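Chains A and B supply the protein sequences, listed in that same order. Position in the first sequence (first residue = 1) + 7 = the numbering used here. Position in the second sequence (first residue = 1) + 7 = the numbering used here. For reference, the structure is listed below as structure tokens.
Protein chains: 2
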Amino acid sequence: MNTLKKKRSKNERKRVLDSYLAKKQLKSTKQRDTIFDVFFNHTDDHISVEELYEIVKKRNPKIGFATVYRTLKLFKECGLAFERNFGDGRTRYEPVTFDGERHDHIICIDCGKIICFNNPEVQVLLQSLAKSNKFELSNYKLELYGNCDSSCESQDHSS
Amino acid sequence: MNTLKKKRSKNERKRVLDSYLAKKQLKSTKQRDTIFDVFFNHTDDHISVEELYEIVKKRNPKIGFATVYRTLKLFKECGLAFERNFGDGRTRYEPVTFDGERHDHIICIDCGKIICFNNPEVQVLLQSLAKSNKFELSNYKLELYGNCDSSCESQDHSS
DNA sequence: GGTAAATTGATAATGAATATCAATTAAGGT
DNA sequence: ACCTTAATTGATATTCATTATCAATTTACC
Chain A
8 MNTLKKKRSK NERKRVLDSY LAKKQLKSTK QRDTIFDVFF NHTDDHISVE
58 ELYEIVKKRN PKIGFATVYR TLKLFKECGL AFERNFGDGR TRYEPVTFDG
108 ERHDHIICID CGKIICFNNP EVQVLLQSLA KSNKFELSNY KLELYGNCDS
158 SCESQDHSS
Chain B
8 MNTLKKKRSK NERKRVLDSY LAKKQLKSTK QRDTIFDVFF NHTDDHISVE
58 ELYEIVKKRN PKIGFATVYR TLKLFKECGL AFERNFGDGR TRYEPVTFDG
108 ERHDHIICID CGKIICFNNP EVQVLLQSLA KSNKFELSNY KLELYGNCDS
158 SCESQDHSS
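In structure tokens:
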């Protein structure tokens, strides 16, 4: 089931990309296909451009990093990827998920424990909030910070 | 009333800064005072370092931009300023407000326009969400990304 | 296959942020 | 007020991520 779902959204993504390329009179290339595969099959969220470049290079060492930059920007333009900036000075990208598969995080300030949650109520509220400000919501970033109950001082979250 | 409030939080901030300087054995300087005044009296939220530097320079042309960078970092360290990264590659700072005046942002992907909003409903919902995950919520980060209605392609957010 | 236009990859260039370092300045003791 | 020490400043150089440039290559369409 999980596999099926993955495959389906991969096809959906491919369609989105292809239709965007057609619309903008851009071309389908091997490099874009490779980067597409690597990016959307990568399990980690929010990968940095350089990390992605390193993986892509293993598949095809001839691909330059400028192309990776350009392609991620392309994915972003057609709504397939989201750009994130944490505090470390490098841009990260994450796949935009379809049909409510998104999740957000609660992070414990003391021990670094991270809990994922998926709350439709939040999504509805934010949607309407954007609308009342005349925005078409396409994504959002939400992180909760606080303290978890358990005695959690001992853990570390430095990476 | 508004003026009173401003004055009070300014004094509170001054106290926070002074006690931090004392604790860390740092020194009080004219440059820091100038930047302090300009930053906390500036009406715009989330000012970029360069924007702030331009204003500071008018008061004291001898202050270098490195000092502005360093001082904003200092404000951040002692909890007086938030560091924010929107998508435009430059770091922005905003004063940390006291007594629940927090606000969040909607950012236009195309033109970079930023709208602030303060929605109690969101805060209540997130509070209960944290609680149901056995977390004591102490802060959160929320940014909405989307497209604003107006023909925003023509706008520019680079300066 | 041929042609026009988009794409690529290597490299140069940009731009924000930080490091360096000699000169200056603040703070505390005398 | 002076002295001493250590922090600070400002000018400049440097780093590092990202973007621009451009000749060579590749794609799409006829």
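Every residue gets a Cβ at the ideal spot worked out from N, C-alpha and C, and that includes glycine. Predicted, not measured: the structure shown is a model, and the values here were computed from it.
Residue environment: A/L81 is assigned as buried (16 or more neighbouring CB atoms within 10 Å of its CB, all protein chains considered). With contacts defined by Cβ atoms closer than 8 Å, A/T98 and A/V56 form a contacting pair. Counting the other CB atoms within 10 Å of its CB gives B/E150 a total of 16 or more, which places it among the buried residues.
For B/R77, there is no enclosing beta strand (DSSP E); the residue is part of the alpha helix (DSSP H) that begins and ends at F72 to E84.
Following the DSSP letters along the chain, one finds B/N125 in no beta strand (DSSP E), marked with neither H nor E. Judged by pairs of C-beta atoms under 8 Å, the region 21-40 of chain B touches the region 78-92 of chain B, as three or more such pairs exist. Any Cβ of chain B closer than 8 Å to the Cβ of A/I121 would place that residue at the interface, and such an atom is absent. Proximity of chain B to A/L81 at the Cβ level (cut-off 9 Å) is not reached, the minimal Cβ distance being about 14 Å. When secondary structure is reduced to three states using DSSP, A/I114 falls in the strand class. Chain B places a beta carbon closer than 8 Å to that of A/V129, counting this residue as a contact. In this chain, the alpha helix (DSSP H) harbouring B/R66 covers V56 to R66. With respect to the C-alpha of A/K69, the residue from A/T41, A/R91, A/V129 and A/L28 having the closest C-alpha is A/T41.
C-alpha of B/C155 to C-alpha of B/H110: approximately 19 Å in a straight line.
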